[in-house]
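Enquirer:
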Amino acid sequence: MNLRFVATRFGRAVLTMLLVVGFIFVILRVAGDPAQVMAGDDAPPEMIERYRAALGLDRSLPEQFVRYTAALATGDLGRSFKDNRAALDVVIERLPITLYLGFVALAISLGIGIPLGIFAALKRGTAIDRFAMTFAVLGYSLPNFFLGVLLILLFSLHLRWLPSSGSETVWHLIMPAMTLGTAHAGGIARFTRSAMLEVLNRNFMRTAKAKGVPRQRRLYRHAFPNAAIPVVTHLGFRLGHLVAGAIIVETVFAWPGVGRLMISAVAARDLAVVQALVLMTAFAMICANLAVDLAYGWIDPRIRVAGERREA
Amino acid sequence: MPPLLEVDELTVGFATEAGTLVAVDRVSFALDAGETLGLVGESGCGKSAICLAALGLLPPNGRILGGRVLLDGRDLVAMPEADLDKVRGGTAAMIFQDPLTSLNPVHSLGWQIGEALRLHRGLAGAAADAEAVRLLDRVGITDPKRRLREYPHQLSGGMNQRAMIAMALACKPRLLVADEPTTALDVIIQAQIIDLLVEIQREEGLALLLVTHDLGVVAEMADRVAVMYAGRMIETATSADLFGRHRHPYTSGLLASLPRVDQRVKRLAPIDGTVPWLGDLPSGCTFRPRCPRVLASCAEIVPVLAPEAASHRIACHNPVPA
Ligand SMILES: Nc1ncnc2c1ncn2[C@@H]1O[C@H](COP(=O)(O)OP(=O)(O)O)[C@@H](O)[C@H]1O
Ligand SMILES: [Mg+2]
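As structure tokens, then:
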């Protein structure tokens, strides 16, 4: 992969992160007085003033922004006033367990969605195709909380096979990961199916056949790498939904991750923690999109190799 | 000796919402090693359908409704897919109209040519690379070593068509089917590709089935010509006979549209009226509504090509006097 390609994608990611930081800075100051929010509606004025001074809100805006970004750069995202620790620490300690859930869910959604989509495309128009697509629509149209509650009713309350809350063992992981994973498997299956169908009709598939390439190899070496290009792009869009889904799934299954922290921090008006969460989420999304971009370039030579066309 | 390729009463249909359309109606022709047959006719007359059907490459809604395609005496129509995969790219190769979309965008030229070499000749690694370089050089691609690692989007249309030809030649085919190989290219490149095909056909002794709607190309390259109209073959003759003593009114019209025989035209629109829709063909001779020499009997009796014996055959009740 050429260096310029990687460098531009990387530069773009850094720029996006800066924009996010600026955006959060502005929002926090436009959406109301943070000191007022933190102190509560019925706080006495002198208490609000104390908060303002402590937060540096009494300085000029440019000065605030410089101090704000400088602090961010050193990892200082403020203190959680609920448990009086660095907000970043509060978030980071919850991060691994959410990533664990997220990656397993992503693996499930790819592991089910991609084969299902390919299979449906190859069996297009048959009962198998319709069955797979019904499953897919069900997967993504059932709200996460609903599927989660159904699973709890069946596997925890009725059959008593799986624990309904917590994260201590692998057994705890099964239901939340399935809930989150199947929701995305459906969308990925549908997307893979249509990408595959589109590719199967392309001229180069006929060329491969004319060359004597056997069917299996035509599908896996000629069609699939081309179908993977839109699927990977689509995955980039999905990551946002994955994060949103995680918040709900963590709440339903009492999974002690970042999603639940978000709910409780918002409820407690723990502004520093909310801000740290938003920044972390944005950071994670930007990294994930960077990864998608690089994967995309790796698969598609038209992106990776700048085309210098020469005449015959 | 039997001919290398013998197409016998080939009939091809496409399933559509309007029912099955017969795009190729009982077409027969034969092709010997070292010979070039030009297949001409307006767009939509079934030229591609013949080529694709012959090699088992029809799209999912296309079907061979009847006839045989004998290659070296073996019927490809009845052949199982696994055996066809050995024939395609082996004995018989094909090149297409649009070289850029006909090559796989995610694989390098070396990969794509190497695949053919591996599948049919068991070559791999350095041996395959060396052979691929030789093939690219053979079709006039400069700096072939570097091109091996390049992708179709990095090459011009002419270059890609050369690469397609190299890929088709990879397994030393005896039959090359070329479906409008120059239509998508600019005029100067067209001439270069035609020259290349002529040279390769002569040197390798290939049987070449050349589809084109460019009569100039046919005049230059083909030993024999077959003219198609709305799925039927209406006249076939040696090149010299066809250009000198054509008999079918449709062929006359086609040729009349050329100011000079050796001048290439982009699109043929030689005769008043349009090609009928396959779902609603006129009775009898399908060219009847546009024909200047139409007779009453043309609506009743379908004219058929006279028997194989003569080298010049026409399907017409009232041919142009010789
Ligand atoms: N996949 C298809 N489905 C339905 N009709 C088709 C299909 N492919 C070709 N046809 C029809 O078959 C006829 C012959 O097409 P084709 O062989 O591509 O013509 P040509 O190559 O001479 O331009 C045309 O009328 C065309 O509309
Ligand atoms: Mg065609």
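Protein chains in written order, with the working numbering: chain A, 1 to 312; chain B, 313 to 634.
We put the CB at the ideal spot given by N, CA and C, even for glycine.
Because the structure is a prediction, the values reported are computed rather than measured.
Just the Cα atoms here: how many angstroms apart are residue 100 (chain A) and residue 107 (chain A)?
Expert: 11 Å
Enquirer: Within 10 Å of its beta-carbon, does residue 51 (chain A) have 16 or more other beta-carbons around it, so buried, or fewer, so exposed?
Expert: Buried is the call here.
Enquirer: Answer yes or no: the CB of residue 109 (chain A) versus the heavy atoms of ligand 2, is any distance below 7 Å?
Expert: Incorrect: residue 109 (chain A) has no Cβ contact closer than 7 Å to ligand 2.
Enquirer: Return no unless some Cβ of chain B is closer than 8 Å to the Cβ of residue 203 (chain A).
Expert: yes
Enquirer: Using a cut-off of 8 Å between C-beta atoms, extract the partners of residue 299 (chain A) located in chain B.
Expert: 418
Enquirer: Please tell me whether residue 179 (chain A) and residue 219 (chain A) are closer than 8 Å, where the distance is taken between their beta carbons.
Expert: Between residue 179 (chain A) and residue 219 (chain A), the C-beta spacing is not below 8 Å.
Enquirer: Consult DSSP for residue 141 (chain A) and reduce its assignment to one of helix, strand or coil.
Expert: helix
Enquirer: At a Cβ cut of 9 Å, what residues of the stretch 424 to 452 of chain B count as close to chain A, listed as they run along the chain?
Expert: 424, 427, 428, 431, 432, 452
Enquirer: Counting only beta-carbon atoms, is residue 413 (chain B) nearer than 8 Å to chain A?
Expert: yes
Enquirer: Between residue 566 (chain B) and ligand 1, is there a pair consisting of the residue's CB and a ligand heavy atom that are separated by less than 7 Å?
Expert: no
Enquirer: One question on the structure: do residue 437 (chain B) and residue 377 (chain B) come within less than 8 Å of each other, judged by their Cβ atoms?
Expert: no
Enquirer: In the DSSP assignment, what residue or residues form a beta bridge with residue 548 (chain B)?
Expert: B:538, B:625
Enquirer: Using CA atoms only, rank isn't needed, just tell me which of A:189, A:227, A:206 is closest to residue 238 (chain A).
Expert: Cα-wise, what sits closest to residue 238 (chain A) is A:189.
Enquirer: Going by DSSP, name the residue or residues bridged to residue 80 (chain A).
Expert: A:85
Enquirer: Since residue 252 (chain A) is in the alpha helix (DSSP H), which residue starts that stretch and which ends it?
Expert: 224 to 252
Enquirer: Say yes only if the C-beta of residue 360 (chain B) is nearer than 7 Å to one or more non-hydrogen atoms of ligand 2, and no if none qualify.
Expert: yes
Enquirer: At 3 residues or longer, what runs of the beta strand (DSSP E) sit wholly inside the stretch 364 to 402 of chain B?
Expert: 374 to 383
Enquirer: Cβ of residue 379 (chain B) versus every heavy atom of ligand 1: is any distance shorter than 7 Å?
Expert: no
Enquirer: Under the assumption that residue 334 (chain B) contacts residue 319 (chain B) (Cβ atoms under 8 Å), give the Cβ distance between them as a whole number of angstroms.
Expert: About 16 Å; that fails the 8 Å criterion.
Enquirer: Rounded to the nearest angstrom, what separates residue 298 (chain A) and residue 304 (chain A) at their Cα positions?
Expert: 7 Å
Enquirer: Along chain B, in chain order, which residues have C-beta atoms closer than 7 Å to that of residue 241 (chain A)?
Expert: The premise fails here: residue 241 (chain A) is roughly 27 Å from chain B at the closest Cβ pair, so nothing lies under 7 Å.
Enquirer: Roughly how many angstroms lie between the CA atoms of residue 285 (chain B) and residue 469 (chain B), to the nearest whole one?
Expert: The requested residue 285 (chain B) does not occur in the structure, where chain B is confined to residues 313 to 634.
Enquirer: Am I right that residue 541 (chain B) and residue 350 (chain B) are in contact with their C-beta atoms under 8 Å? What's the rounded C-beta distance?
Expert: Not confirmed; about 15 Å, so no contact.
Enquirer: Quick check: the stretch 17 to 24 of chain A against the stretch 41 to 58 of chain A, are at least 3 beta-carbon pairs closer than 8 Å?
Expert: Segments in contact, no.
Enquirer: Might you give, ordered along the chain, the residues of its own chain that have their beta carbon closer than 6 Å to the beta carbon of residue 276 (chain A), omitting 5 neighbours on each side?
Expert: 77, 87, 88, 91
Enquirer: Quick check on residue 213 (chain A) - is its C-beta less than 8 Å from some C-beta in chain B?
Expert: yes
Enquirer: In chain B, what lies closer than 9 Å to residue 305 (chain A) by C-beta?
Expert: Residues of chain B whose Cβ lies closer than 9 Å to the Cβ of residue 305 (chain A) are, in chain order, 462, 463, 465, 466.
Enquirer: Here's a check: name, in chain order, each residue in its chain whose Cβ is nearer than 8 Å to the Cβ of residue 573 (chain B), leaving out the five neighbours to either side.
Expert: Confidence is the limiting factor: at residue 573 (chain B) the pLDDT is only 47, short of 50, which leaves the residue's position unreliable and the question unanswerable from this model.
Enquirer: For residue 164 (chain A) versus residue 97 (chain A), is the C-beta spacing smaller than 8 Å?
Expert: no
Enquirer: Please classify residue 491 (chain B) as buried or exposed, where buried requires at least 16 other C-beta atoms within 10 Å of its C-beta.
Expert: buried
Enquirer: Measuring alpha carbon to alpha carbon, tell me which residue in B:346, B:342, B:509, B:524 is nearest residue 356 (chain B).
Expert: That would be B:524, whose Cα lies nearest to the Cα of residue 356 (chain B).
Enquirer: Skipping 5 residues on each side, what residues in its chain have a beta carbon closer than 6 Å to that of residue 538 (chain B)?
Expert: 341, 351, 545, 548
Enquirer: Does the beta carbon of residue 646 (chain B) come closer than 8 Å to any beta carbon on chain A?
Expert: Residue 646 (chain B) falls outside the range modelled here, since chain B spans only 313 to 634, and no answer is possible.
Enquirer: Since residue 17 (chain A) is in the alpha helix (DSSP H), which residue starts that stretch and which ends it?
Expert: That run of the alpha helix (DSSP H) goes 3 to 30.
Enquirer: Beta carbons nearer than 9 Å to chain A: which residues of the stretch 376 to 395 of chain B have them?
Expert: Residues are counted here when their Cβ sits less than 9 Å from a Cβ of chain A; for the stretch 376 to 395 of chain B these are 393, 394, given in chain order.
Enquirer: Taking only beta-carbon positions, decide if residue 225 (chain A) is within less than 8 Å of chain B.
Expert: At least one chain B Cβ lies under 8 Å of residue 225 (chain A).
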